[in-house]
Amino acid sequence: MGILGKGGKPKTRRLPVETGYALDRYLEDRARRAGVAVSELSGRIFVTDAGGRFSRSSASELVERIGRQAGIAAKVTPHVLRHIWALIAKELGTDPADIKEALDHESLLAWT
Numbered sequence: 097m098g099i100l101g102k103g104g105k106p107k108t109r110r111l112p113v114e115t116g117y118a119l120d121r122y123l124e125d126r127a128r129r130a131g132v133a134v135s136e137l138s139g140r141i142f143v144t145d146a147g148g149r150f151s152r153s154s155a156s157e158l159v160e161r162i163g164r165q166a167g168i169a170a171k172v173t174p175h176v177l178r179h180i181w182a183l184i185a186k187e188l189g190t191d192p193a194d195i196k197e198a199l200d201h202e203s204l205l206a207w208t
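Sequential numbering of the sequence shown, starting at 97, is according to the numbering used here.
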């Protein structure tokens, strides 16, 4: 999948198969609601219910709301989830170089 990384640099990332299936379902649902075929969708992949831009603040608000609904006392943000993922990956023995690449970090120092 093509994404924009830090500084707007284009990057390619592999998605787990399950994530690809979930993305397919999301796009099929989005197309159905818009009354078009998936191939006719254009613009950003993720949009608001009204079809507008799903911004960084929209994502943060959504993650925080889901955290509250789940009964998590601490504030949950996308950045917190990113670090939790990295810590779990490290505990499971993931190669620090793979964690560095996934996080788009310049250095291994934070994960060695």
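Each residue gets a CB set at the ideal place from its N, CA and C atoms; glycine is no exception.
Reference residue i, options the options, closest by Cα
i: G101; options: L199, E160 and S203; result: L199
i: L222; options: S135, P112 and G104; result: The first residue shown for the chain is 97 and the last is 208, placing residue 222 beyond what the model contains.
First and last residue of the uninterrupted alpha helix (DSSP H) at residue i
i: I162; result: R152 to Q165
i: K196; result: P192 to L199
i: T115; result: V113 to A130
i: I141; result: That residue, I141, is in no alpha helix (DSSP H); it is neither H nor E in DSSP.
i: I184; result: P174 to E187
Range of the contiguous beta strand (DSSP E) that encloses residue i
i: G98; result: G98 to L100
i: K107; result: P106 to T108
Cβ-based neighbour list, residue i, same chain, cut-off 8 Å, excluding 5 preceding and 5 following
i: L137; result: L123, R126, A127 and A130
Residue i versus residue j: straight-line alpha-carbon distance, rounded
i: A118; j: F142; result: 13 Å
i: K186; j: K196; result: 11 Å
i: G167; j: H201; result: 31 Å
i: K105; j: M97; result: 14 Å
i: V176; j: L158; result: 14 Å
i: R110; j: G116; result: 9 Å
Neighbourhood of residue i by C-beta distance below 7 Å, restricted to the same chain and skipping five residues each side
i: A155; result: P174
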